[in-house]
Structure formats: structure tokens, C-alpha cells
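For the sequence shown, the residue numbers in mature numbering (1 follows the signal peptide of the UniProt record, and there is no 0) are -25 to -1, 1 to 155. Cβ atoms here follow ideal geometry from the backbone N, Cα and C, with glycine treated the same way. Quantities reported herein were computed from a predicted structural model and do not represent experimental measurements. Okay, so here's the structure we're looking at.
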Amino acid sequence: MSTPARIYAVAAVAVAALVALLAFAAHVDSASSADSPLKVVSVVPADGAVVTAAPAAVQIRVSGRPDLARSHIAVYDDGSSRLDTGAVSPDGDDGLSQAIVLDRPAEIAVAYHVVSVDGRVVSGIARFTVGVTDGPAAPPPTAHAHGVDPFGAALLVIDGIALLVVVLLLFRRPPVPDPS
């Protein structure tokens, strides 16, 4: 096989490997969002907040699209009285809102159970205080945590392969010249 033919063959194999790797990365990326746990992105009012006036509603945003029919939010005061009124309503594509009625200072507990449209679940309790300055202490900051970005990982693998090919080409022995 002549040198140009060999170069084209190696280039064709490299392109085929790159296409296969990108297809695999796209598949891994689409599967990773469904396999990852549903997480609460924000709660308004924030957990541990002290607000001067009662909000009209409590909003919860999650890392997926919530299923309105299977999700619920219950709001209680410090005397265990229910404050939520009506049904949970959507708040954008990734959030839920629950209307509340409160006309006095109180410590509030928001119990939530959110189910996404793809079946992932998150539940918990957030607390905030209305009108009282000696409310609960703010929660400690959460640690920075996230999963591996499959697309970024795929690009790192491609960079590594390209580097390996360049190094191999640099150290490859030059062909022996034909004496004729």
C-alpha cells in the first residue's frame, strides 16, 4: 500500500471512530438525564429565610419537568395548621406553585413531594419565618456537586486520541528510501 493510500485509510478509520464516539456520547447524554435523580433547584421563599410579609404562594423549581397530577405541596404553620389553599399550579416548565393564606407572624414548614413526568421523585421540607426575626437558623451551604458532563468527557477523549496520534506520528520512523 502506498503512502498516500495509507494516510487516507488511517484518516478514514479516524473519522469513523470519531463519528462512533460522538454517537455514543449523544446516547449517554440522553440517557444520563433520565437516570439522574430529580433535584430541587430552588424554593421561594428560601429554606431558612426570614421574610417581613407572608408570600401569596410558595414556589419550588426542580431539575426536570414536574408531573402536576402526581406532585403535591403542603404548607403548615408552627401550630400544625394547614395554610395552603387550592391545588398546586404549574410555575413555568420546571416549577410548581402552591397558594397560601397567612395573616400573622409564624414559622412555616413547606412539605413537598414532586414527581417528574419521567417518574423521578424528590421530597423534603423547607422552612422559613414570616415576620419574626428569631426564626430558624439558615441552613449550612450545600457542597458543590454535579455529575460528569458526557459531552465534555467525550471531547476530552477525542483530545486524548488526537494527542496520541500526533505523538505516534512524531516518533514513527521515516520510511526507508528506495535505493533504485
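Between the C-alpha atoms of Tyr(-18) and Ala(-12) there is a straight-line separation of about 10 Å. Taking the Cβ atoms as the reference, Leu58 lies roughly 4 Å from Val50, within the contact range of under 8 Å. Remark: C-beta atoms of Ser72 and Ala32 approach each other more closely than 9 Å. Contact between the region 20 to 29 and the region 89 to 96 is absent: fewer than three C-beta pairs spanning the two stretches fall below 8 Å. Ranked by Cα distance from Gly135, the first of Arg(-20), Thr(-23) and Leu(-5) is Leu(-5). Minimum Cα-Cα distance from Ile48 among the listed residues Arg40, Lys14, Val90 and Asp78 corresponds to Val90. DSSP places Ala84 in the uninterrupted beta strand (DSSP E) bounded by Ala81 to Val90.
In the DSSP annotation of this structure, the continuous segment of the alpha helix (DSSP H) that includes Leu144 starts and ends at Pro125 to Phe146. 9 Å or more divides the Cβ of Ile133 from the Cβ of Leu13. In the structure shown, Leu(-5) adopts helical secondary structure according to DSSP, grouped into three states. In the three-state reduction of the DSSP assignment, Thr(-23) falls in the helix class. The Cβ atoms of Ala81 and Val105 lie closer than 9 Å to each other. Bounds of the beta strand (DSSP E) holding Leu71 are Gly70 to Ala74.
Per DSSP, Ser17 is one residue of the beta strand (DSSP E) stretching across Val15 to Val19. Within the same chain, and ignoring the five residues on either side of Ser46 in sequence, the residues whose Cβ sits closer than 8 Å to its Cβ are Val63, Leu71, Tyr87, His88, Val89 and Val90.
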